[in-house]
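Below you'll find the structure, written out as structure tokens, and then a few comments.
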Amino acid sequence: MIAEPQRALAELISRTSVLMLDFDGPVCSVFAGLPAPGIAEQLRNTLRRLGVPVTAELEDDDDPLSIYRYSTNGGPAVVAAIHDALVAAELRAVETATPTPGAVDVIDAAHERGRRLAVVSNNAAAAVATYLRLHGLTGRVDYIAARRTPEPSLMKPSPHYLIEAAATLDVSIRTCALVGDSGTDAVAAKRAGAYAVGYANKSGKGEQLVAAGAAVVIDSMTTLATVVREARGTPYLPGSVEDN
250 MIAEPQRALA
260 ELISRTSVLM
270 LDFDGPVCSV
280 FAGLPAPGIA
290 EQLRNTLRRL
300 GVPVTAELED
310 DDDPLSIYRY
320 STNGGPAVVA
330 AIHDALVAAE
340 LRAVETATPT
350 PGAVDVIDAA
360 HERGRRLAVV
370 SNNAAAAVAT
380 YLRLHGLTGR
390 VDYIAARRTP
400 EPSLMKPSPH
410 YLIEAAATLD
420 VSIRTCALVG
430 DSGTDAVAAK
440 RAGAYAVGYA
450 NKSGKGEQLV
460 AAGAAVVIDS
470 MTTLATVVRE
480 ARGTPYLPGS
490 VEDN
């Protein structure tokens with residue numbers, strides 16, 4: 250990151266009471282050891298078994314969350330079945346998920362500086378909690394706002410999970426910043442009234458994230474960790490995810 254964007258990031262973080270991290274991307278690669286295309290195919294097979302037609306477009310979609318969104322075409326029982334299957338797959342996936350370089354450093358930096366931190370994800374809350382436990386990070390995250398019920402409409406780009414996290418931590422959403430690697434993260438942050446920090450973990454993503462509403466874009470979580478450690482602003486006592 251060049252100097253000017255890093256200064257902009259530092260100013261943004263100094264105005265932030267809660268740092269929110271998307272899970273798949275900024276924290277880890279969820280499906281590194283259990284590839285997403287295979288899970289998507291399993292979910293499509295479940296749809297077929299339940300009598301829900303699968304479109305040609307969906308046949309080519311390797312994102313399990315897309316299959317989950319589509320499940321609403323089959324009604325509540327189908328949504329619940331796909332949700333349960335997806336949660337089970339995510340719980341298996343996080344056992345072999347690969348940590349994003351610098352992600353643990355960001356979490357440690359926030360904890361050390363007394364800056365509260367939430368994971369805000371479209372993945373299952375149980376999977377996020379399991380990953381944090383496996384990597385010894387449970388006590389360093391204050392809240393997990395993620396999928397707990399079979400309601401696809403609550404997922405980002407809906408602002409629901411961001412608003413939930415801010416309300417639970419008793420802060421104004423306007424003093425929160427979400428770090429995410431997709432346009433839906435930036436859109437959700439904008440809709441909620443939070444700051445959006447884009448994480449461009451692939452070439453060409455930066456422009457897309459800015460177009461979606463990111464106020465600043467980083468290409469390294471290590472950069473964010475450095476800024477969090479050096480940021481001005483009032484610290485907060487870290488809590489624990491264990492009570493969520």
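In this note's numbering, each residue's number is its place in the sequence shown (first place is 1) plus 249. We put the beta carbon where it would ideally sit given N, CA and C, even for glycine.
The Cβ atoms of Tyr448 and Val428 lie closer than 7 Å to each other.
The continuous alpha helix (DSSP H) containing Arg293 extends over residues 285-298. In this structure Ala259 touches Glu479 by the C-beta definition: roughly 7 Å separates them, less than 8 Å. DSSP places Met470 inside the alpha helix (DSSP H), whose first and last residues are 470-479. Each residue's CA atom was taken as its position, placing Thr321 and Leu458 some 28 Å apart. According to DSSP, Leu427 shares a beta bridge with Met269, Ala445.
Its chain contains Thr349, Gly429, Asp430, Ser431, Tyr448, Asn450 as the residues whose beta carbon lies nearer than 8 Å to that of Gly274, once the 5 sequence neighbours on both sides are disregarded; these appear in chain order.
Ala367: member of the beta strand (DSSP E) spanning 365-373, first to last residue. Within the same chain, and ignoring the five residues on either side of Ile288 in sequence, the residues whose Cβ sits closer than 6 Å to its Cβ are Pro313, Ala338. The residue from Leu418, Val353, Arg364 with its alpha-carbon nearest to that of Ser263 is Arg364. No residue range can be given for Arg397, since it is assigned to no beta strand (DSSP E) and is classified by DSSP as neither H nor E. In the three-state scheme derived from DSSP, where H, G and I count as helix and E and B as strand, Thr304 is classed as coil.
Looking at the DSSP output, Thr347 shares a beta bridge with Ser278. Of all alpha-carbon atoms in Ile331, Val336, Val279, the one lying nearest the alpha-carbon of Val301 is that of Ile331. Under the DSSP definition of a beta bridge, Ile356 lacks any partner. Cβ contact annotation for Leu296 (same chain, cutoff 6 Å, sequence separation greater than five): Val303, in chain order.
Linking Glu361 to Ile422 through their CA atoms gives a straight-line distance of about 22 Å.
The C-alpha of Asp391 is placed about 9 Å away from the C-alpha of Ala414. Here Arg396 is buried. Its C-beta has 16 or more other C-beta atoms within 10 Å. Per DSSP, the unbroken alpha helix (DSSP H) holding Val328 starts and ends at 325-342. Assignment of Val420 by DSSP, reduced to helix, strand and coil, places it in the coil class.
Leu366 is positioned such that its CB atom lies no closer than 7 Å to that of Ala376.
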